[in-house]
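Peer 1:
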Ligand SMILES: [Zn+2]
Ligand SMILES: [Zn+2]
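In my numbering, the protein residues as written are 1 to 109.
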């Protein structure tokens with residue numbers, strides 16, 4: 001995902017909009033120019049927060065782990081995923097699967 005930063009700045013002298021001209025930013029009204037600011041470049045993409053993933057033994061589906069407590073054995077870790085179970089206009093159901101006893105349960109949002 002690349003976001004094009006708007007290449008405009010404001011003139012320090014008269015406050016008008018400055019536009020890029022070659023490698024400089026130039027004021028449209030008074031002609032004041034500065035080197036192109038590089039602050040836009042700092043708006044780098046936010047790195048996606050990495051969630052721990054595991055591979056389920058059987059079907060080798062990679063599922064994230066959450067700290068949802070198992071309703072059966074009270075194990076504090078479980079896999080989770082979303083699934084559209086009913087008609088498309090209804091919100092998807094959140095499923096959990098205990099990392100310990102493999103109990104699966106669902107939760108409606
Ligand atoms: Zn100006
Ligand atoms: Zn459990």
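Ideal placement from N, C-alpha and C gives every residue a C-beta, glycine not left out. The structure presented is a predicted model; accordingly, all values stated were derived computationally and were not measured.
1) Quick check on residue 85: buried or exposed, where buried means 16 or more other Cβ atoms within 10 Å of its Cβ?
2) Ignore the nearest five residues each way along the sequence and tell me which others in residue 41's own chain have a CB closer than 6 Å to its CB.
3) Could you tell me which residues DSSP pairs with residue 26 in its beta bridges?
4) Does at least one heavy atom of ligand 1 sit under 7 Å from the Cβ of residue 36?
5) Under the three-state reduction of DSSP, which class applies to residue 98: helix, strand or coil?
6) Tell me whether residue 79 is buried or exposed, calling it buried when 16 or more other Cβ atoms sit within 10 Å of its Cβ.
Peer 2: Checking against the coordinates, here is how it stands:
1) exposed
2) Low confidence applies here, because residue 41 scores a pLDDT of 48, under 50, leaving its location unreliable and the question unanswered by this model.
3) 19, 33
4) no
5) strand
6) buried
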